[in-house]
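Just so we're aligned, residue 18 is where the sequence shown starts under this note's numbering, counting upward by one. Positions of the beta carbon are idealized from the N, C-alpha and C atoms, including for glycine. Predicted model only: the values in this text are computed from it and were never measured.
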Amino acid sequence: MPREWGRQKPTRVMEMSDNSTILEIKNLDVAYGHAKALYAVSLSLKQGETSFVIGRNGAGKTTLLKTITGLLKPLNGSVIYEGREISGSPPEKISLDGIRYVAQEKKVFGNLTVKENIELAAYGAGEPLERALDKVIGLYPKIRNFLKIKAGQLSGGQRQILLIGRALVGEPKLLLIDEPTEGLAANVIEDVTAILSRMKGHVSAMIVEQNLAFVNQLADRVYIMKEGKVEREIADRSAISDTREFEQYL
Ligand code: ATP
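Structure (structure tokens):
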């Protein structure tokens, strides 16, 4: 992955000769105790693609992301990442293999500075701090002004950006982000959109989101979930831009 985001062409994608699949989910059933949350969910993501998962509260979107990251174990089905079955692997191993999860809760290490938060991610990913900082600053130059501030003092939007930056430290291949624009002011949503646009093609992404304008700007593919199932898949750009069609599912 390039160190300076947005200043180079997406080499990862250009190097790829085909549209190979990075993630394939087959017939996933997941339950919390006796309460089933996912029913035979199947979907796939191509290398370099940005896909969105939309649907009402309780549709199973977070459950899907948590199952991919290894935080939840499926009852049945497969999660195949880069051709290998990963369901059942511990979350730390899945993260080291390149799948990074930015959870909905926007949790940072509040008593540590922004720089220390990035340092911890760099340490965890085995990347030198300077390189990690370069990468995060390249993605969002304004973060230079916050490096010495305690992360607990950041606004919701700044936290979200820090968390996306942290997720990009090391060599991530697939980012899973749960509702990145939730509760953010319009100007911060613009910043998050710009960051994710710069990342597009460099890293594959699966993003859970309810904000259709945001989906429209970034999506290569949209999955609509309803009551624990995948109701529809839309991969055609002109169909994705007509987000009125999606409103009935939110
Ligand atoms: P939201 O945007 O509200 O988080 P979602 O589409 O992400 O919605 P999930 O959070 O995945 O939906 O929830 C799917 C189903 O699983 C819901 O019926 C929810 O009540 C249930 N559920 C989620 N987390 C738990 C849990 N920890 N224990 C029991 N049931 C849960």
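Alpha carbon of residue i to alpha carbon of residue j, nearest angstrom
i    : j    : result
Y56  : P91  : 10 Å
S112 : T86  : 7 Å
F231 : T210 : 7 Å
Y98  : E66  : 14 Å
L213 : D114 : 21 Å
Y157 : R176 : 12 Å
S255 : Q265 : 18 Å
G105 : A203 : 39 Å
A236 : I39  : 16 Å
V96  : V47  : 12 Å
E189 : T198 : According to the sequence as given, residue 189 is Pro; it is not Glu. Whole-angstrom Cα-Cα distance: 21 Å.
K243 : L180 : 28 Å
K159 : S37  : 35 Å
G173 : N128 : 16 Å
R117 : A138 : 11 Å
A184 : N134 : 11 Å
V247 : G182 : 30 Å
D259 : K167 : 41 Å
D253 : E207 : 24 Å
P27  : L192 : Residue placement at P27 is poorly supported in this model, since its pLDDT is 42, which falls under 50; the coordinates still yield a value, given next. So the two alpha carbons sit approximately 16 Å from each other.
R148 : F126 : 21 Å
K152 : G75  : 35 Å
Q25  : G155 : Residue placement at Q25 cannot be trusted, given a pLDDT of 44 that sits under 50; what the coordinates show is reported in the next sentence. Spanning the two alpha carbons is a distance of roughly 11 Å.
K124 : G169 : 9 Å
L146 : K83  : 28 Å
A52  : R161 : 46 Å
L229 : F263 : 8 Å
V220 : V205 : 22 Å
E136 : K165 : 12 Å
L150 : G50  : 42 Å
Y140 : G100 : 28 Å
V119 : K110 : 16 Å
Proximal residues to residue i (C-beta, below 7 Å), its chain only, five neighbours per side dropped
i    : result
T79  : Q121, D195, V225
L267 : I71, R73, Q227
F163 : V131, L171, Q175
L81  : L55, V58, V70
E144 : V186, G187
Sequence-distant residues of its chain with Cβ nearer than 8 Å to residue i (five each side left out)
i    : result
E250 : L60, R238, V239, Y240, I241
L201 : G173, G174, Q177, V209
E102 : S95, V96
Proximity test, residue i beta-carbon vs the ligand FMN heavy atom, cut-off 7 Å
i    : result
I135 : This structure does not include the ligand FMN; its bound ligands are the ligand ATP.
Spatial neighbours of residue i in its chain, beta-carbon cut-off 6 Å, leaving aside the 5 residues before and after
i    : result
P108 : T86, G87, L88
S68  : L62, M223, R238
G245 : A54, L55, Y56, G77
I257 : A236, V239, I251
N233 : S258, T260
A142 : V186, G187
N93  : D46
- Quiz: which residues have CB nearer than 5 Å to the ligand ATP non-hydrogen atoms: Y49, A54, N74, G75, A76, G77, K78, T79, T80
- Is the stretch 38-46 in contact with the stretch 58-66, if contact means three or more CB pairs nearer than 8 Å? yes
- Whole alpha helix (DSSP H) runs in the stretch 188-254 with 4 or more residues, listed along the chain? 203-216, 229-235
- Message: Suppose only complete runs of 3+ residues qualify. What are the beta strand (DSSP E) ranges in the stretch 51-109, listed by chain order?
- Response: 52-63, 67-71, 93-98
- Where are the alpha helix (DSSP H) runs, 4 residues long or more, that stay fully inside the stretch 142-169, in chain order? 146-156
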